[in-house]
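There are 2 protein chains.
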Amino acid sequence: MEQEVFNKAKEAKEAARKLSFLSANEKNTALNAMAQALRDNNDYILQENAKDVETGREKGLSRALIDRLSLSPERINDMAAGLEKVSSLDDPVGVVESMWTRPNGLQIGRISTPVGVVGIIYEARPNVTADAAGLCLKTGNAVVLRGGSEAINSNKAVAGVLAGAAGAAGIPSAAVQLIENTDRAAVNYMLKLKDYLDLLIPRGGAGLIRTVVENATVPVIETGVGNCHVYVDNEANLEMARDIIVNAKCQRPGVCNALESVLVHRDIAAAFLPAAAEKLKEAGVEIRGCEQTQKHVSWANLATEEDYSSEFLDLVLSVKVVKDIDEALDHIYEFGTGHSEAIITDSYQKGRRFHREVDAAAVYINASTRFTDGGMFGFGAEIGISTQKLHARGPMGLKELTTSKYIIFGEGQIRE
Amino acid sequence: MEQEVFNKAKEAKEAARKLSFLSANEKNTALNAMAQALRDNNDYILQENAKDVETGREKGLSRALIDRLSLSPERINDMAAGLEKVSSLDDPVGVVESMWTRPNGLQIGRISTPVGVVGIIYEARPNVTADAAGLCLKTGNAVVLRGGSEAINSNKAVAGVLAGAAGAAGIPSAAVQLIENTDRAAVNYMLKLKDYLDLLIPRGGAGLIRTVVENATVPVIETGVGNCHVYVDNEANLEMARDIIVNAKCQRPGVCNALESVLVHRDIAAAFLPAAAEKLKEAGVEIRGCEQTQKHVSWANLATEEDYSSEFLDLVLSVKVVKDIDEALDHIYEFGTGHSEAIITDSYQKGRRFHREVDAAAVYINASTRFTDGGMFGFGAEIGISTQKLHARGPMGLKELTTSKYIIFGEGQIRE
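Chains as they are written, first to last, in our numbering: chain A, 1 to 416; chain B, 417 to 832.
Okay, here's the thing in structure tokens:
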């Protein structure tokens with residue numbers, strides 16, 4: 001087991017040295033060839049995927065998990081289209097972000113470069129295999145993929161097709177590596193491979209992410225938990241507030257940028273809560289509120305401290321009536337996870353305060369938290385949403401998969 | 417012990433919330449007051465420092481360590497001047513790095529913000545106490561300082577004076593915290609305080625840095641090891657090459673950007689090595705070279721594989737004759753630590769190749785590696801030189817002590 005992980009990480013590192021100075025044309029040609037290969041191997045991939053789905057059913061996986069796991073011609077085409085989309089984006093490598101000249105004549109430039117070898121540890125979605133491979137190739141990184149056991153046959157098929165197509169297009173095929181061993185021990189070993197892996201990105205549930213963050217010596221970018229709030233100020237447009245809350249809670253409740261908790265200024269609680277709750281009820285949302293909330297929404301359950309800390313990822317919403325923006329800011333400081341937070345207000349001053357004082361990856365005035373997403377931000381692609389502060393914060397696009405180096409042009413300068 | 421570390425980290429985190437939205441004027445006023453307080457307390461600080469120096473002498477610390485530890489009126493004035501310099505720099509917080517409008521009208525901006533609480537773990541230099549406190553305050557971060565036992569009285573004096581002056585200037589005095597317990601266990605406990613510390617920067621020897629990197633769950637920025645090379649190409653100006661090598665090796669041999677290893681193209685080895693070696697010998701440098709080197713420098717010792725891997729931090733230099741730039745690039749790939757690497761050449765094409773293919777924080781054409789430094793790069797201040805790839809690479813100035821968040825301006829946008 002260790003041998004497989006070690007060998008593949010080592011091969012990836014060797015490949016990374018070459019990848020780092022491929023031209024954009026070479027990478028884009030390979031990405032398009034990889035997309036075509038996915039389409040050409042549609043039947044093979046579906047056949048391997050069917051094995052996983054069957055095993056999953058036998059094991060009694062939930063319907064939601066089976067759905068995440070299942071591929072279809074449409075989903076395979078989506079993966080291919082994703083690779084083509086990535087190929088169409090500007091090359092994120094070799095961008096001179098700034099350049100200046102020192103008094104001694106030294107010219108110093110900061111230029112973007114690949115990170116090296118990126119490890120992706122994920123769960124049951126086989127599409128992550130293609131997405132991550134494409135994003136890493138575009139950014140000149142080698143990738144070591146480690147998907148969940150549920151999708152192993154699908155992942156082997158997809159990664160094999162991609163690595164083959166990349167190799168045929170002149171890219172080192174070791175650039176895309178899949179760890180076939182699905183034991184937890186293989187992950188634990190990966191977490192410590194500091195000499196071969198430059199970055200780990202865990203994509204999956206809270207348990208997986210915690211394990212990776214707590215045990216890795218390889219640098220990690222933490223993605224995930226979003227206990228997102230909307231604060232409805234007393235100067236809010238109440239209709240706008242209602243529409244944003246319904247959207248942020250219901251449009252896709254199972255994702256990290258979905259709304260989990262609403263804070264309502266007490267002066268507008270009576271005017272706002274009954275009608276807003278009605279709309280939420282229609283959408284099937286359970287409300288867990290404070291006692292004040294219950295006065296306005298008779299059918300609301302009583303919220304516990306635990307509820308205010310919860311990322312429900314479901315049609316459940318906690319609600320609290322607050323006396324002013326200060327209490328809202330304190331509540332968000334205490335319970336927020338630094339993902340996405342919104343204020344609904346027409347007050348210039350309170351909007352500015354919210355932007356300044358809330359410490360989160362994305363801070364909104366008068367918009368749905370659901371926009372915290374690489375696509376919605378206009379990045380063209382996304383490898384995840386970082387909830388940590390170092391290197392990347394918020395939606396991560398291609399730029400976040402690069403680092404930089406300084407290139408210096410001299411004419412013999414020495415230090416006095 | 418744990419209680420002290422926990423309480424101080426917790427207080428720092430509370431202070432950080434307020435620090436994050438102080439105006440530049442408030443921070444700069446405090447920095448200047450802190451500088452003045454150091455000067456006003458010159459005698460007290462010297463008296464406390466004398467205790468450490470005396471204990472150090474009793475313990476038989478090396479002369480170099482005693483020198484690092486010792487303060488003088490001049491050094492105290494330097495610390496004060498450093499704080500004033502930092503106060504004169506532009507505020508790194510609140511910089512809108514980019515802002516754009518999406519097709520749906522959402523306006524999205526990326527704005528720099530403090531990281532939160534920064535832990536600095538360092539050894540015997542009391543000036544780090546003032547430098548780190550100043551840089552962290554300027555960037556709106558709280559700081560938890562943990563210096564070595566050798567300097568504990570000096571650190572308590574300096575940190576106490578700074579925290580008092582900051583408090584008097586209206587800054588939460590909990591913004592500058594010093595851990596007074598000097599047991600190794602206090603460091604180990606700090607490394608895991610992920611809920612209170614946002615970033616750790618170890619400053620010191622390789623052993624300290626390794627301990628921190630391998631055991632911390634708090635994100636770390638690794639600083640330090642520099643096995644720096646100069647490759648003298650066959651198209652080099654040999655006089656320039658000699659001057660750069662002598663400068664990079666001898667100007668200050670004990671620092672991470674000092675030269676450790678020279679690679680010489682075989683075609684110019686005979687023309688270059690004897691004269692260059694003569695200059696190095698005059699400066700007291702021991703040469704450890706390959707067999708080819710020994711042919712040109714009779715007094716050179718034979719280098720081992722170990723020598724090529726070593727960061728000597730001393731007047732010792734490893735030398736290797738290589739057959740071309742490819743061998744030089746391979747050697748740097750194998751032995752380099754990704755700090756600072758230089759080529760001396762007049763070839764446009766080889767210069768470009770070196771810039772592109774060498775994976776290091778700073779890659780030079782025709783200049784000394786000694787320029788890898790926040791001051792020399794023009795950053796105005798430096799908290800260390802990162803040798804890792806994430807978040808910060810190379811000299812870290814104020815910007816590297818900040819993170820960013822997205823601020824979004826909407827008019828009721830919801831996601832379709």
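All C-beta atoms, glycine included, are put in the ideal place defined by N, C-alpha and C.
Worksheet item: In chain B, which residues lie with their C-beta within 9 Å of the C-beta of Phe409(A)?
Response: Walking along the first sequence from the start, residue 409(A) turns up at place 409. Result: Gly767, His771, Tyr780, Ile781, Asn782, Ala783.
Item to complete: Under 8 Å by Cβ, that's how I've got Asn571(B) and Leu607(B) pegged, so tell me the actual separation to the nearest angstrom.
Response: What you label residue 571(B) is simply residue 155 of the second sequence in a count that begins at 1. What you label residue 607(B) is simply residue 191 of the second sequence in a count that begins at 1. About 19 Å; that fails the 8 Å criterion.
Item to complete: Specify the secondary structure class of Asn643(B) as computed by DSSP and reduced to three states.
Response: Along the second sequence, one-based indexing puts residue 643(B) at 227. In the structure shown, Asn643(B) sits in coil (DSSP, three-state: anything other than H, G, I, E or B).
Fill in: Below-8 Å beta-carbon distance, Glu630(B) vs any chain A residue
Position 214 of the second sequence holds residue 630(B). Yes, Glu630(B) counts as interfacial toward chain A.
Fill in: For Thr113(A) and Val592(B), the rounded distance between their alpha carbons
As a first step, residue 592(B) is located in the second sequence; it is residue number 176 there, counting from the start. As a first step, residue 113(A) is located in the first sequence; it is residue number 113 there, counting from the start. The straight-line gap from Cα to Cα measures roughly 36 Å.
Item to complete: Work out the CA separation of Arg526(B) and Gly580(B) for me, nearest whole Å.
Response: Counted from its first residue, the second sequence places residue 580(B) at position 164. Counted from its first residue, the second sequence places residue 526(B) at position 110. When rounded, the distance between both Cα atoms is 34 Å.
Item to complete: Starting from the beta carbon of Ile414(A), find every residue of chain B whose beta carbon is closer than 7 Å, and list them in chain order.
Response: As a working mapping, residue 414(A) is identified with position 414 in the first sequence. In chain order: Asp659, Ile660, Asn663, Ser784.
Fill in: Cβ-Cβ separation, Ile244(A) to Thr223(A) (assumed contact under 8 Å), whole Å
Mapped onto the first sequence, residue 223(A) falls at position 223. Mapped onto the first sequence, residue 244(A) falls at position 244. Contact doesn't hold; Cβ gap of about 24 Å is too wide.
Fill in: Members of the segment 191-206 of chain A near chain B, C-beta cut-off 7 Å
Here the close residues are Asp198, Leu199.
Worksheet item: Under 8 Å between C-beta atoms, does Leu522(B) make it to chain A?
Response: Taking the first residue of the second sequence as position 1, residue 522(B) is located at position 106. At least one chain A Cβ lies under 8 Å of Leu522(B).
Worksheet entry | For Ala9(A) and Val144(A), believed in contact at Cβ under 8 Å, the rounded distance | Along the first sequence, one-based indexing puts residue 144(A) at 144. Along the first sequence, one-based indexing puts residue 9(A) at 9. Indeed, because the Cβ distance is near 6 Å, the residues count as touching under 8 Å.
Practice prompt. Kindly indicate the opening and closing residues of the alpha helix (DSSP H) around Ala685(B).
Written response: Position 269 of the second sequence, counting from 1, holds the residue named residue 685(B). First-last of the alpha helix (DSSP H) with Ala685(B): 682-698.
Worksheet item: Of all the CB atoms in chain A, is at least one closer than 8 Å to the CB of Gly700(B)?
Response: Taking the second sequence and counting its residues from 1, the one referred to as residue 700(B) is at position 284. No, Gly700(B) does not count as interfacial toward chain A.
Discussion item. So Lys821(B) and Ala361(A) are supposed to be a Cβ contact under 8 Å. How far apart are they, rounded?
Written reply: Mapped onto the second sequence, residue 821(B) falls at position 405. Mapped onto the first sequence, residue 361(A) falls at position 361. Between Ala361(A) and Lys821(B) the Cβ distance is about 6 Å, and since that is below 8 Å, they are a contact.
Fill in: Ala185(A) burial status per 10 Å Cβ neighbour count (16 or more: buried)
One-based indexing of the first sequence puts residue 185(A) at position 185. Exposed.
Discussion item. Applying the 10 Å Cβ sphere with the 16-neighbour rule, what's the burial state of Ala258(A)?
Written reply: Residue numbering aside, residue 258(A) sits at position 258 when the first sequence is read from its first letter. Buried is the call here.
Worksheet item: Comparing the C-beta of Tyr437(A) with each C-beta of chain B, is any distance below 8 Å?
Response: Past the edges of chain A, shown from 1 to 416, lies residue 437(A), and the structure says nothing about it.
Worksheet item: How would you call Met99(A), buried or exposed, if buried means at least 16 neighbouring beta carbons within 10 angstroms?
Response: By 1-based counting over the first sequence, the position of residue 99(A) is 99. Classification of Met99(A): exposed, given that the 10 Å Cβ count is below 16.
Worksheet item: Since Leu814(B) contacts Thr555(B) with CB under 8 Å, what's their CB separation in whole angstroms?
Response: Locating residue 814(B) in the second sequence gives position 398, where the first residue counts as 1. Locating residue 555(B) in the second sequence gives position 139, where the first residue counts as 1. Thr555(B) and Leu814(B) do touch by the CB rule: their CB atoms are close to 5 Å apart, below 8 Å.
Discussion item. In the DSSP output, which residue or residues are listed as bridge partners for Ile781(B)?
Written reply: Translated into positions along the second sequence, residue 781(B) becomes position 365. DSSP lists Phe409(A), Ile759(B) as partners of Ile781(B).
Worksheet item: Among Ser62(A), Asn153(A), Ala166(A), which has the Cα closest to the Cα of Asn180(A)?
Response: Working through the first sequence from its first residue, we reach residue 180(A) at position 180. According to the sequence displayed, residue 180(A) carries Glu and not Asn. Comparing Cα positions, the closest option is Asn153(A).
Worksheet item: Which whole-angstrom value describes the C-beta separation of Ala584(B) and Ala449(B), a residue pair presumed to lie in contact below a C-beta threshold of 8 Å?
Response: Counting from one through the second sequence, the residue named residue 584(B) turns up at place 168. Counting from one through the second sequence, the residue named residue 449(B) turns up at place 33. At roughly 7 Å, the Cβ-Cβ gap stays under 8 Å, so Ala584(B) and Ala449(B) are in contact.
Discussion item. Can you list, in chain order, the residues of its chain with a C-beta nearer than 6 Å to that of Glu442(B)? Leave out the 5 residues immediately preceding and following it.
Written reply: For the purposes of this step, residue 442(B) is taken as the residue at position 26 of the second sequence. So the list is empty, once near-sequence residues are dropped.
Worksheet item: Can you give, in chain order, each stretch of the beta strand (DSSP E) that sits fully within the segment 543-590 of chain B and has at least 3 residues?
Response: Qualifying beta strand (DSSP E) stretches, in chain order: 558-562.
Worksheet entry | Residue from Ala808(B), Thr819(B), Gln804(B) whose Cα sits closest to the Cα of Ile625(B) | For this step, residue 625(B) is matched to residue 209 along the second sequence. Checked all of Ala808(B), Thr819(B), Gln804(B); the closest Cα to Ile625(B) is Gln804(B).
Worksheet item: With a cut-off of 8 Å, does the C-beta of Ala361(A) fall near any C-beta of chain B?
Response: Looking up residue 361(A) in the first sequence gives position 361. Output row for Ala361(A): interface = yes.
Practice prompt. For the segment 634-648 of chain B, enumerate the residues whose C-beta is nearer than 7 Å to any C-beta of chain A, in chain order.
Written response: Pro635
Worksheet item: Should the segment 290-307 of chain A be regarded as contacting the segment 245-253 of chain A, the criterion being three or more beta carbon pairs within less than 8 Å?
Response: These segments do not touch.
Discussion item. For a test of the three-state rule: what should DSSP assign to Glu260(A), helix, strand or coil?
Written reply: Within the first sequence, the letter at position 260 stands for residue 260(A). Strand at Glu260(A).
Discussion item. Can you confirm whether Ser439(B), when its beta carbon is compared against all beta carbons of chain A, has any partner nearer than 8 Å?
Written reply: Looking up residue 439(B) in the second sequence gives position 23. Chain A contact via Cβ: absent.
Worksheet item: Could you give the distance in angstroms between the alpha-carbon of Arg768(B) and the alpha-carbon of Val779(B)?
Response: In the second sequence, the residue the question calls residue 768(B) occupies position 352. In the second sequence, the residue the question calls residue 779(B) occupies position 363. Near 10 Å, if we compare the C-alpha coordinates of Val779(B) and Arg768(B).
Worksheet item: Name the DSSP bridge partner or partners of Pro202(A)?
Response: What you label residue 202(A) is simply residue 202 of the first sequence in a count that begins at 1. For Pro202(A), the pairing in a beta bridge is given by DSSP as Ile121(A).
Worksheet item: How many whole angstroms separate the CB atoms of Gln710(B) and Ala716(B), which I take to be in contact at a CB cut-off of 8 Å?
Response: Along the second sequence, one-based indexing puts residue 710(B) at 294. Along the second sequence, one-based indexing puts residue 716(B) at 300. Right, their Cβ atoms sit about 5 Å apart.
Discussion item. Assuming Lys736(B) is part of the beta strand (DSSP E), what are its boundary residues?
Written reply: In the second sequence, counting from the first residue as 1, residue 736(B) sits at position 320. Element bounds for Lys736(B): 732-738.
Discussion item. Using CA atoms only, rank isn't needed, just tell me which of Phe377(A), Val220(A), Val255(A) is closest to Pro519(B).
Written reply: Locating residue 519(B) in the second sequence gives position 103, where the first residue counts as 1. When only C-alpha atoms are compared, the closest one is Phe377(A).
Worksheet entry | Cut-off 6 Å between Cβ atoms - residues of its own chain near Glu757(B), not counting five sequence neighbours on either side | To locate residue 757(B), count along the second sequence from 1; it is residue 341. Here the set comprises His645, Ile748, Val774, Ala776, Val779.
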